[in-house]
Amino acid sequence: MSDAETTAGPGAPRGGPDQLDEALLATLFTQSAVGLGVLDPQLRLVRANSLVEGEDVGEYIGHRFTEAFRLDDPDGTEQLMKRVLAGEGPARDHLVRGRLRRIPGDREFLVSVYRLDGPGGPGAPALGLLAAVVDVTERQRARARNAALAAVRDAVGGSLDVAATCRSFADALVPGFADLAVVEVVDDVLRGADPPVGPLPPGTPLRRAASGRCDAFRDTAEGAGEGGARGRSGVTRRLAVRTPYALATTDLRARLVPLGPDNPWPATDPDGARAVAETGAHSLIVVPLTLRGAVLGLVSLYRCGAAEPFDEDDVSLAVSAATRAALGIDNARRYEREHIIASTVQRRLLPQAERQQAAVDTAHVLLPGRDSGCWFDTIALSGARTALVVGGVAGGGLQSAIAMGQLRTVIQALAGLDLEPEEVLARLKDTADRLADERAALPPADALQSEPMSAGCVYGVYDPFTRTCTVARAGHPAPLIVGPDGRVVALDVPEGPGLFSTDSALFAPATVTLEVGSLLAFCTAELLSGDRAAERITETLARPGRSLQQLGDDITYALPDDTRSAGAALLLARTGTVSDHLVATWDLAQDPTTPATARVLVRDRLQGWGLGEDTVEATELIVSELVTNAVRYGTPPLRLRLLLDSTLTCEVHDGSPASPHLRHARTVDEGGRGLFIVSRLASHWGARHGPDGKVLWTEQDLPEDERNGAGGER
């Protein structure tokens, strides 16, 4: 047995170590699935197997490694190899991007580099390097597809805004999957309408809801887009016939379209062809956004420049992503439709025009948004007083708008009873509690049954004769007040419980005396949220020489953007007084002859105001009945007041707290017809109570010519 055989062992192949090494190298370089290349110290290839399938090895020998693979970052890769050559250790799994001679498109390679030590060991000069190369292009593409699909799943569906959903979809696909992405939605769908059933009718307008561009193509793509549509969102177009876009919305199938000079369809769409040329796009995927056979829109994805063209695997991913996007868009569309209905109901339930009040100028600002439950109101009360109301039901949707309408109707009815502000809110809360009980009694399967209800309201009454404003609030911010000199007027109103809360605390009012020309701002809570919100509003109200509408606009301009999207209501009021020549007041004696005296005083005053004889006679009879009732059943002091505005108001005050009530006298009865007659002659009548007695009042509508005459006199 030879020495070589003894050293190798009985089972070793025959031959010396050199033969074994040569056999090992031959096997590695001919049968290895990994590309192998031997580099000399100048980083030139001296030996290589088929580094990449389909490439000629001979084309690489003698070239530098970075030149052979035409790497995007040759300097970085060479620095890495030089460090390995200097003995700093091997470099494993270094990902590089380059291009091959015979295979088009960008390729990605995983490169590992090892030092080939010379005879002297690791400290001696190296003989060269061994580079192991694995083409991971398809693996990276699959990973990129999975990442893009995961990004779509994470980004799409979190918003109930159609445009925001489309933007999230485009951003999820660019730049990881496409260089350019355009999402177009059927114009009616953006407004909440049901999407048309496919195929999409010719001429259906599509509105660009979102577009995304990678940084490399941002400048060239800014003014371009497919089908002649500009790069910005919001542009509407109708699809040109015999184009991939129109065909995709006709048969509802995705299309992979190579873009080049030989395509016949750009002739029918010259604007689209010019836009493609400007962006350098060479590959296109068109996917219709469909759901249950209905067409919501269209997605167009582009690859430009040196990017790898799309393939069929990319089409499958685009279809899956578009299906996810279509579901998110449809959910947002349904919410948008409900929001539009709720906003319409809200607008119909609110005052349709500013109401002229006797001694208060008012203006309002209503910001539409997600909150469809806010409301405002101005209510004319007896004695030239005005009720100012702002409230809100938390949440959006139709149910909030309906609850708002119910509460507003109740508060209008309560205001007509001449109740104090705290009593109005107490009775309003009783109504809210009943509404909450009705909702809680719904079947458990009803989704509305588990939704909590929350609402707040602030109610104030301004009296021009005493120049006082009495305010009570229920889970709502107090009004802001600025005097005519621009100084803030303090109003400390105790906060009462919210309308739907379980708190049974009492409501407490606060009263403040105001100078003529003071400004009051009744705001929903959204307007007072944020840093220095109250200060900004009061500073705006202090600006001199501005009308109420201008002040409302100025406040709106200063609001944060999120307030505008949420929606809010603002009611502004400027206090005033009633002109002395439109008011007549007399102190009367508690005497049986007083009704006759009152009739004479009334006739003289009304004729002085220029009112007609029919109005004078009716007023004489009303005053005679009210004064007779006060003389017979009331206590001193007795006072009569006439107020001329758009209506004629008569008030009789006495010191008794007892209120009369309307009776329907029988034919043989000798009395009991006084208030019945009054109710027939007056358009409205009632009684209000105070600490010093009660007031019986009536309002008479005036003919058009008498209202105009009275207005001219004022």
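In my numbering, the protein residues as written are 15 to 728.
Positions of the beta carbon are idealized from the N, C-alpha and C atoms, including for glycine.
Quick caveat: nothing in here was measured; it's all calculated off a predicted structure.
Asked	Found
Return yes when the Cβ of residue 270 is within less than 8 Å of the Cβ of residue 326, no when it is not.	yes
Comparing C-alpha positions only, which one of 481, 179 and 363 sits nearest to residue 350?	179
Quick check: what's the CA-CA separation for residue 207 versus residue 200?	9 Å
So, at 6 Å on beta carbons, what are the nonlocal neighbours of residue 680 in its own chain, with the 5 sequence-adjacent residues on each side left out?	For residue 680, the predicted model reports a pLDDT of 46, less than 50, meaning its position is unreliable and no value from the coordinates is stated.
Around the Cβ of residue 431, are there at least 16 other Cβ atoms within 10 angstroms (buried) or fewer (exposed)?	exposed
Between residue 159 and the rest of its own chain, which residues show a CB-CB distance below 6 Å, the 5 nearest in sequence each way excluded?	331
By alpha-carbon positions, which one of 97, 515, 459 and 115 ends up nearest to residue 84?	115
What residue does the beta strand (DSSP E) around residue 128 start on, and which one ends it?	121-130
So, at 6 Å on beta carbons, what are the nonlocal neighbours of residue 198 in its own chain, with the 5 sequence-adjacent residues on each side left out?	220, 222, 311 and 312
Answer with buried or exposed for residue 403, where buried requires no fewer than 16 other C-beta atoms within 10 angstroms of its C-beta.	buried
When you compare each of 203, 77 and 51 to residue 129 by their alpha carbons, which one comes out closest?	51
Helix, strand or coil: which one does DSSP assign to residue 473?	strand
Kindly confirm or deny that the segment 478-497 and the segment 522-537 touch, where touching means at least three C-beta pairs closer than 8 Å.	yes
Quick one: what does DSSP say residue 495 is sitting in, helix, strand or coil?	strand
Label residue 486 either buried or exposed according to how many other C-beta atoms from any shown protein chain fall within 10 Å of its C-beta, with 16 as the threshold for buried.	buried
Ordered along the chain, which non-local residues of its own chain (more than five positions away) have a Cβ less than 6 Å from that of residue 34?	none
Can residue 263 and residue 273 be called in contact, C-beta distance under 8 Å?	no
Identify whether residue 667 lies in helix, strand or coil by the three-state DSSP scheme.	strand
So, under 8 Å CB-CB, residue 372 and residue 398 are touching, yes? Tell me the CB distance rounded to an integer number of Å.	4 Å
Taking all protein chains shown into account, decide if residue 48 is buried (16 or more other Cβ within 10 angstroms of its Cβ) or exposed.	exposed
What's the C-alpha gap between residue 150 and residue 251?	41 Å
With distances taken between CB atoms, is the gap from residue 489 to residue 474 smaller than 8 Å?	no
Going by other Cβ atoms of all chains shown within 10 Å of its Cβ, with 16 needed for buried, is residue 671 buried or exposed?	exposed
Just the Cα atoms here: how many angstroms apart are residue 554 and residue 525?	24 Å
Out of curiosity, what's the CA-to-CA distance linking residue 183 and residue 296?	22 Å
How would you label residue 708, buried or exposed, when you count the other beta carbons within 10 angstroms and need 16 or more for buried?	buried
To the nearest angstrom, how far is it from the Cα of residue 545 to the Cα of residue 572?	12 Å
Report the partner residues of residue 527 according to the DSSP bridge assignment.	482
Provide the residue(s) that pair with residue 598 in DSSP beta bridges, ordered along the chain.	656
Any contact of the segment 432-452 with the segment 382-393, i.e. 3+ C-beta pairs under 8 Å?	no
Which word fits residue 720, buried or exposed, when buried means at least 16 other C-beta atoms lie within 10 angstroms of its C-beta?	buried
Three or more C-beta pairs under 8 Å: does that hold for the segment 441-452 against the segment 499-508?	no
Helix, strand or coil for residue 258, going by three-state DSSP, please let me know.	helix
Could you tell me which of 293, 406, 167 and 391 sits nearest to residue 400, measuring between CA atoms?	391
Using 10 angstroms around the beta-carbon of residue 96, count the other beta-carbons present and answer buried if the total reaches 16, otherwise exposed.	exposed
What's the call for residue 730, buried or exposed, on a 16-neighbour Cβ count within 10 Å?	In the structure as shown, the chain starts at 15 and stops at 728, and residue 730 therefore has no counterpart that could be examined.
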